[in-house]
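Quick notes on the structure that follows.
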Amino acid sequence: MERKGALAMSMPVIDAVVRADRPFVIQGYGKTYELTEDEFNAAMRAADALSDGARLLTTGQAADILGVTAKTVARIIDAGRIPSSRLSATGHRMVEYRDVIRYKEQRECRHGLLEDARTLATGMGAYDAVDAASTERG
1 MERKGALAMS MPVIDAVVRA DRPFVIQGYG KTYELTEDEF NAAMRAADAL SDGARLLTTG
61 QAADILGVTA KTVARIIDAG RIPSSRLSAT GHRMVEYRDV IRYKEQRECR HGLLEDARTL
121 ATGMGAYDAV DAASTERG
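Numbering (full-length UniProt numbering), first residue to last: 1 to 138.
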């Protein structure tokens, strides 16, 4: 396979024909390895853990991910729900990406469980009894 121009100088030629319907990885020098779906998923999880997991975020960046304000993230940190560290030079608090994602997933799980309980209570007529009791008082 011949390449023209600057692209030919910067991109190594792939040494094997890779099928479009199969996952594969390419090493930095262009060698390719075809993978099973399970191998590919395991490689992606490992790459994600190494790249994103250790990435430090500011409280503002964490707030963007969580959909809250930086002040709310500070309160969450103060409550001990997300671990943090301080930069020695500036004193700013930093949190790890993986901890923010873990907190977000736990929060979404709690909200889902609460919604399930609400639906169950409504189906059992629990809110009807509360409404009737408040009407009798009023």
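Where a beta carbon is used, it is the ideal one built from N, C-alpha and C, also for glycine.
Helix, strand or coil for residue i, going by three-state DSSP, please let me know.
i, result
"R55", "coil"
"T119", "helix"
"A79", "coil"
"T69", "coil"
"G60", "helix"
"G112", "helix"
Would you list the one or two residues that DSSP bridges to residue i?
i, result
"S85", "M94"
Pull up the CB-CB distance for residue i and residue j, whole angstroms please, since I reckon it's below 8 Å.
i, j, result
"Y103", "L57", "Actually they are not in contact, since the Cβ atoms of Y103 and L57 sit about 12 Å apart, beyond 8 Å."
Determine the burial state of residue i: buried for a count of at least 16 other Cβ atoms within 10 Å of its Cβ, exposed for fewer.
i, result
"T122", "exposed"
"A126", "exposed"
"T119", "exposed"
"T36", "exposed"
Return yes when the Cβ of residue j is within less than 8 Å of the Cβ of residue i, no when it is not.
i, j, result
"R45", "E34", "no"
"V68", "I82", "no"
"R75", "S84", "no"
"V73", "A62", "yes"
"G80", "A70", "no"
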